[in-house]
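Trainee: Starting off with a structure, shown below.
In my numbering, the protein residues as written are 14 to 241.
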């Protein structure tokens, strides 16, 4: 059964609709990225502004994902584009539009963590306007047999766009609800046992937001975080 993503409010986008996400087609004319379980080799690291296609080949044993990050508040956390679920021996394309500046490419074996990073740079006159960033940052939430990990200390800023990624580390279905300060559920994602699901949420209003995890055989867990 495939993961289910339910959209319950404007400002929440399924990842498949984001213009900066990867293309399922796998051509041979892009800039090669060779990903393994321990390396992330990018064939070219200096670019002119404009559209770029990265052709990602996974030569590792773990399913991987690849991100292009731009700078945000002094760190490379702004997602410009991504391609997920690249299984061993598979090739997929990642299409982005880049303007002048510095970026980082991150390969994430196992589809978790900050990734193996490779810096790239774009110089020259700016070409077409850049594709809008998919989201500002990613927050990984783990549902375990004893509770929730990854939500402690979480904060946000009004207007920030966050991808909440639920990783289910249990043998039963789990559901994540994201609730705004008014008590309204603005997004809901459900995973099968040991599955993953994502939702992109715009933190539209300041105040206390809530992440709620529930599922068969466990008590409901709520984690509050503040949006300023």
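For each residue, glycine too, the CB sits at the ideal point set by N, CA and C.
I'd like to know whether the C-beta atoms of residue 81 and residue 118 end up nearer to each other than 7 Å.
Mentor: In this structure, residue 118 lies closer than 7 Å to residue 81 by Cβ.
Trainee: Between residue 73 and residue 49, is the Cβ-Cβ spacing less than 7 Å?
Mentor: Yes, these two residues count as a Cβ contact at 7 Å.
Trainee: Provide the residue span of the beta strand (DSSP E) that contains residue 148, from first to last.
Mentor: Taken as a continuous stretch (DSSP letters only), residue 148 belongs to no beta strand (DSSP E), as it is neither H nor E.
Trainee: Please report the distance separating the alpha-carbon of residue 59 from that of residue 197.
Mentor: If I take the Cα positions, the gap works out to 45 Å.
Trainee: Please list, in chain order, all residues of the same chain as residue 66 whose beta carbon is under 6 Å from its beta carbon, the five residues on each side excluded.
Mentor: Excluding positions up to five away in sequence, the list reads 43, 106 and 108.
Trainee: Over the uninterrupted beta strand (DSSP E) stretch that includes residue 51, give me the two end residues.
Mentor: Run containing residue 51: none; DSSP gives neither H nor E here.
Trainee: How is the beta strand (DSSP E) around residue 207 delimited, first residue to last?
Mentor: Careful: residue 207 lies outside any beta strand (DSSP E) and carries neither H nor E.
Trainee: Quick one: using the 10 Å Cβ neighbour count with 16 as the cut-off for buried, is residue 187 buried or exposed?
Mentor: It counts as buried.
Trainee: Classify residue 201 as buried or exposed, calling it buried when 16 or more other Cβ atoms lie within 10 Å of its own Cβ.
Mentor: With 16 or more other Cβ atoms within 10 Å, it is buried.
Trainee: Can the beta-carbon of residue 174 be found closer than 7 Å to that of residue 215?
Mentor: Yes. Within cutoff.
Trainee: Which residues does DSSP pair with residue 179 in a beta bridge?
Mentor: Looking at the DSSP assignment, residue 179 forms a beta bridge with 154 and 210.
Trainee: Sorted by chain position, which residues of the same chain lie with C-beta nearer than 6 Å to residue 194's C-beta, five sequence neighbours on each side aside?
Mentor: Excluding residues within five positions, the ones whose Cβ falls inside 6 Å are 218, 220 and 221.
Trainee: Per DSSP, what are the beta-bridge partners of residue 107 in this structure?
Mentor: Answer is 67, bridged to residue 107.
Trainee: Taking the beta carbon of residue 122 as the centre, do at least 16 other beta carbons fall within 10 Å, making it buried, or is it exposed?
Mentor: Counting Cβ neighbours within 10 Å, residue 122 comes out buried, since at least 16 surround it.
Trainee: What do you reckon, are the CB atoms on residue 156 and residue 226 nearer than 7 Å?
Mentor: Against a cut-off of 7 Å, the Cβ pair of residue 226 and residue 156 comes out as a contact.
Trainee: Quick check on residue 194: does DSSP put it in helix, strand or coil?
Mentor: Coil, per DSSP.
Trainee: By how many angstroms is the C-alpha of residue 235 removed from the C-alpha of residue 99?
Mentor: So the alpha carbons of these two residues sit roughly 32 Å apart.
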